[in-house]
DNA sequence: GGATTTATTTATCAGTCGATAATTGTCGGG
DNA sequence: CCCGACAATTATCGACTGATAAATAAATCC
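Chains as they are written, first to last, in the numbering used here: chain A, 1 to 223; chain B, 224 to 446.
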């Protein structure tokens, strides 16, 4: 037998302890918001509350680190490249992008911290939305303009971006329903995404067809 | 001159005071969440904190009243009737429904309390979503089935409801962007709604057309 | 106009919050 | 084996939380 009792104090290398704290803080913030107490956090970690202050100067710093872990570390730089690959049909590109995107962000931590931060007014949130518009939504519009035989270099109009937003939020809200409102998750998310993208794809082409170079008798479909 | 000073104590009839408190509580909860302190609430009302407890037995009761004011009092019973009126083209019905719906709920109070409540896990939230599915989303699906010449009596499939959800959230998220993420509001909301509904309308008809009674030469879509 | 009612205030309690200073105990290097 | 480094603890502060009981003052009634 090993009579050696586990020591009352578990002494860890600093980086390890720090990671442990951050991870648990992420869980806690996601579950109960940023007003979660440092004492509850310490309790769940099996440590004392003042120890937190050895690794994070203040609770606000801990919150900022939580933001970073959620927003920065989960953005896949492949996404916008994937959307541009014109060797693949656009509808298919969108389906696989949203399959990948939702796989990355449809977690309890990401979804809930994203909304808690939004309600709190954290400006990192507006920054993220800017990134989204620039890298994803504008790209989607440009690809559809190209598909419709329109100029795809000019900046998308406000209305076009709004349409891309509608597609995006239609899919994003699947995660909201699951993780914010605690409704049962979709049985087959990719299939749902497929259907939603499909409907959008058909509808948006009609939309752009109306705006296309008007030939008196016919409208060109696609190149 | 009227030398009569306003009395140090403003004595109000109970119902009036109660309404005043509830209204300010709504503002405060919407802005900073339900952890807003009763002292801050009293301060903004120009009264002392213990007075609140004469009108609401506890803070939780005050929160529940806030829910009620947001969820119950803003549901327009005309909405589902409006969606059924087959004298009006469906696309137009949807546009005017969403113009009316967003006019009712796109307020800072409604939007933010809705999401705060969701994150808190309030079950009144799931109840509201149930209402939405039953009265709005199912109705929309039925109307499109009817339009496509399909049976509109059978319960909508999961996928059909998901498509209605996608439309709904696409529009709902306009309010999220404005009131949760503090982005500038749409310049012309009704116009945006029009475009979104339009795209959906065109897309969904293609979707249902595929499911319609198949002509001999056509091939049925995804089996 | 004095008594009664009751809306409102003052005073206060027991917990909890984030944060700091001083103390303790575990581990690795000599 | 002991000692220094430092991870982790204990003790504590002042501010704030929701809530209660008792005192006060404004309106109403006779």
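All residues carry an ideal CB built from backbone N, CA and C; glycine is no exception.
Specify, as a first and last residue, the run of the alpha helix (DSSP H) that residue i falls within.
i, result
"residue 319/B", "313–328"
"residue 380/B", "First-last for residue 380/B: undefined, no H or E at that position."
"residue 284/B", "282–294"
"residue 117/A", "108–120"
"residue 372/B", "Neither: residue 372/B is in no alpha helix (DSSP H) and is coded neither H nor E."
"residue 230/A", "In the structure displayed, chain A extends from 1 to 223; residue 230/A sits before or after that span and is not available."
"residue 263/B", "261–268"
"residue 277/B", "272–278"
"residue 360/B", "No alpha helix (DSSP H) contains residue 360/B, which DSSP labels as neither H nor E."
"residue 183/A", "Looking at the DSSP string, residue 183/A is not in any alpha helix (DSSP H), and its letter there is neither H nor E."
"residue 80/A", "79–84"
By Cβ distance below 8 Å, which residues in the same chain neighbour residue i in space, the five residues on each side in sequence not counted?
i, result
"residue 345/B", "290"
"residue 138/A", "155, 156, 161, 164"
"residue 236/B", "none"
"residue 206/A", "none"
"residue 181/A", "none"
Given that a residue counts as buried once 16 or more other Cβ atoms are within 10 Å of its Cβ, and exposed if not, what is residue i?
i, result
"residue 274/B", "exposed"
"residue 316/B", "buried"
"residue 299/B", "exposed"
"residue 419/B", "buried"
"residue 260/B", "exposed"
"residue 194/A", "buried"
"residue 396/B", "buried"
"residue 269/B", "exposed"
"residue 4/A", "For residue 4/A, the predicted model reports a pLDDT of 46, less than 50, meaning its position is unreliable; a value from the coordinates is still stated below. Flag for residue 4/A reads exposed."
Within a Cβ cutoff of 6 Å, which residues of the same chain sit near residue i, ignoring the five residues on either side of it in sequence?
i, result
"residue 348/B", "340, 341"
"residue 368/B", "375"
"residue 192/A", "186"
"residue 333/B", "293"
"residue 240/B", "none"
"residue 400/B", "406"
"residue 168/A", "none"
"residue 363/B", "387"
Contact check, residue i vs residue j under 8 Å by CB: the rounded distance?
i, j, result
"residue 276/A", "residue 102/A", "The shown model of chain A, from 1 to 223, leaves out residue 276/A, and the question about it has no answer."
"residue 74/A", "residue 105/A", "6 Å"
"residue 32/A", "residue 108/A", "At roughly 12 Å, the Cβ-Cβ gap does not stay under 8 Å, so residue 32/A and residue 108/A are not in contact."
"residue 198/A", "residue 91/A", "7 Å"
"residue 143/A", "residue 83/A", "7 Å"
"residue 148/A", "residue 208/A", "4 Å"
"residue 80/A", "residue 135/A", "5 Å"
"residue 228/A", "residue 354/B", "No answer is possible for residue 228/A: it lies beyond the span of chain A, which begins at 1 and ends at 223."
"residue 21/A", "residue 55/A", "6 Å"
"residue 34/A", "residue 120/A", "6 Å"
"residue 202/A", "residue 426/B", "4 Å"
"residue 49/A", "residue 39/A", "5 Å"
Leaving out five residues on either side along the sequence, give the residues of the same chain with a beta carbon under 7 Å from the beta carbon of residue i.
i, result
"residue 294/B", "347, 351"
"residue 25/A", "41, 62, 66"
"residue 1/A", "With a pLDDT of only 42 at residue 1/A, under 50, the local geometry of the prediction cannot be trusted, and the value read off the model is given with reservation. Nothing meets the Cβ criterion."
"residue 8/A", "none"
"residue 216/A", "A caution first: residue 216/A carries a pLDDT of 47, below 50, which makes its placement in the model unreliable, though a value can still be read off. Hits under 7 Å: none found."
"residue 253/B", "331, 332, 335, 336"
"residue 59/A", "38"
Any heavy atom of the ligand PLP within a distance shorter than 7 Å of the CB on residue i?
i, result
"residue 288/B", "With respect to the ligand PLP, the structure shown offers nothing to examine, as it has no ligands at all."
Any chance the stretch 97–113 of chain A sits against the stretch 146–156 of chain A, with 3 or more Cβ pairs inside 8 Å? Too few Cβ pairs lie closer than 8 Å, so no.
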